[in-house]
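Structure first, commentary second.
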Ligand SMILES: N[C@@H](CCC(=O)N[C@@H](CS)C(=O)NCC(=O)O)C(=O)O
């Protein structure tokens, strides 16, 4: 029987609990909350991850509590002593380091990283303050590692695993080589801890940034505004009329609205896809009802697969892209999948859009140009097979003649 469900957003420190559960061979169901945020918030109103739900209504939040719970759940005294400390003093030291890193270090890191990445309004003074706080934290950790092999005890404890994840994540997200070179003892320590089975394979040092990310203010002129879109009807400029007037037709809200209602019911298809078994029921229904004059089918590929690192981050990228497509989603359906493994993965998929052109549907997302769109032909068996595979998402993808396992994906519906 499952020992519970772990709710995560597999990013930063969030990847440690599932990796630990796997190492401990716990039977825990890992749920990516971005798939259904509403359902998650119903159970955990704070909406913070990681969160854990065990049998009989047992609930837990706070990463440190979750990590300890998993170790206890394993119930192996040897493992518990190694990961959490063997003596009263060691146990206190492990907890101390975890608390220090999850509070004093993680809080400034979050603000600093989000500001440098332009995801939080940039403020130089705050950024400088947070960076100084982080340098103090890294300095404390570096000093410890000049004298001791590990962070809290004489072995790799939860504290080392936590900081291992943080250090590697920070190094793939914002901190370049010049930042890391200030802390040679941390760097040396990392070479050892990354081989620990919990961390092994999660990060690839060749993907660590050479240059630190520095906030780039947005360019004044918008690229989009420069581009004339002759083929697209203009967005409404006047307040929209209450009723459709024959003399002055209501301006469509979305360019694809001019195409009118389709005979193929997209809503019905989405319901079939969600509620029925994909291969035996939903896909045959789709091909029976699909109307090639009303909807076109597209192979969608991310253009910069080389820049992808961790597969969950690739999947988050797809999630973000789909969120930004929300204004078009009533004209679209499809799946993008992530195939491969950490530091060697790609994003591909198949999407159906209203009309014969992909752009009016996709260009509501500012990052649409990061993807290439190749039209598929439903009368071509190979194309049809590709669409089936992308939507059923149950077979490896063939990329450059090589089979690659699908590790994740998202449905646009
Ligand atoms: N003190 C909590 C913090 C949890 C937390 O801030 N989680 C972030 C991800 S690292 C989150 O869930 N953010 C989503 C949100 O704020 O909506 C812990 O250590 O578990």
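Residue numbers (UniProt numbering): 1 to 413.
Beta carbons are placed, not taken as given, at the ideal position from N, Cα and C, and that holds for glycine.
Item to complete: Can you grab the Cα-Cα spacing for the pair residue 322 / residue 412, in whole Å?
Response: 6 Å
Worksheet item: What residues in its chain sit with their C-beta under 6 Å from that of residue 315, if we drop five residues either side in the sequence?
Response: 338 and 408
Item to complete: Would you check if the distance between the CB atom of residue 365 and the CB atom of residue 300 is smaller than 9 Å?
Response: no
Worksheet item: Can you find a heavy atom of ligand 1 that lies under 8 Å from the Cβ of residue 62?
Response: yes
Practice prompt. Return yes when the Cβ of residue 16 is within less than 9 Å of the Cβ of residue 258, no when it is not.
Written response: no
Worksheet item: By a C-beta neighbour count over all protein chains shown, 10 Å radius and 16 as the cutoff for buried, is residue 181 buried or exposed?
Response: exposed
Discussion item. Just to confirm before moving on: does the CB-CB distance between residue 404 and residue 346 stay below 9 Å?
Written reply: yes
Worksheet entry | Segment limits, beta strand (DSSP E) that includes residue 406 | 406 to 412
Worksheet item: What do you get for residue 189, buried or exposed, if any count of 16 or more other CB atoms within 10 angstroms of its CB means buried?
Response: buried
Practice prompt. Please report how far the alpha carbon of residue 341 lies from the alpha carbon of residue 311, in whole angstroms.
Written response: 6 Å
Worksheet item: Can the beta-carbon of residue 31 be found closer than 9 Å to that of residue 5?
Response: yes
Discussion item. Does residue 389 pass the burial test, meaning 16 or more other C-beta atoms within 10 Å, or should it be called exposed?
Written reply: buried
Discussion item. Do residue 115 and residue 163 have their beta-carbon atoms positioned less than 9 Å apart in this structure?
Written reply: no
Practice prompt. Verify the contact flag: residue 159, CB atom, against every heavy atom of ligand 1, threshold strictly below 8 Å.
Written response: no
Practice prompt. Would you check whether ligand 1 has a heavy atom nearer than 8 Å to the C-beta of residue 102?
Written response: yes
Worksheet item: Who are the Cβ neighbours of residue 402 in its own chain at under 8 Å, not counting the five residues just before and after it?
Response: none
Discussion item. Restricting to runs no shorter than 3 residues, where is the beta strand (DSSP E) found entirely within the segment 324 to 399?
Written reply: 332 to 341, 344 to 354, 371 to 376 and 397 to 399
Discussion item. Which of the three DSSP states is assigned to residue 224 in this structure?
Written reply: Because residue 224 sits at a pLDDT of 45, beneath the cut-off of 50, its placement in the model cannot be relied upon, and the following sentence gives the value as read from the coordinates. If DSSP states are grouped into helix, strand and coil, residue 224 belongs with the helices.
Fill in: Beta-ladder partner(s) of residue 51, from DSSP
7 and 61
Practice prompt. Within 10 angstroms of the Cβ of residue 20, are there 16 or more other Cβ atoms? Answer buried if so, exposed if not.
Written response: buried
Item to complete: Please state if the CB of residue 40 and the CB of residue 47 are separated by a distance shorter than 9 Å.
Response: yes
Worksheet item: Taking the alpha-carbon positions, what's the residue 118 to residue 284 distance?
Response: 45 Å
Worksheet entry | Spatial distance of residue 359 from residue 212 (CA atoms) | 34 Å
Fill in: Integer-rounded CB distance, given that residue 270 should sit under 8 Å from residue 333
6 Å
Fill in: Beta carbon of residue 266 nearer than 9 Å to that of residue 330
yes
Worksheet entry | Residue range of the beta strand (DSSP E) that includes residue 296 | 295 to 302
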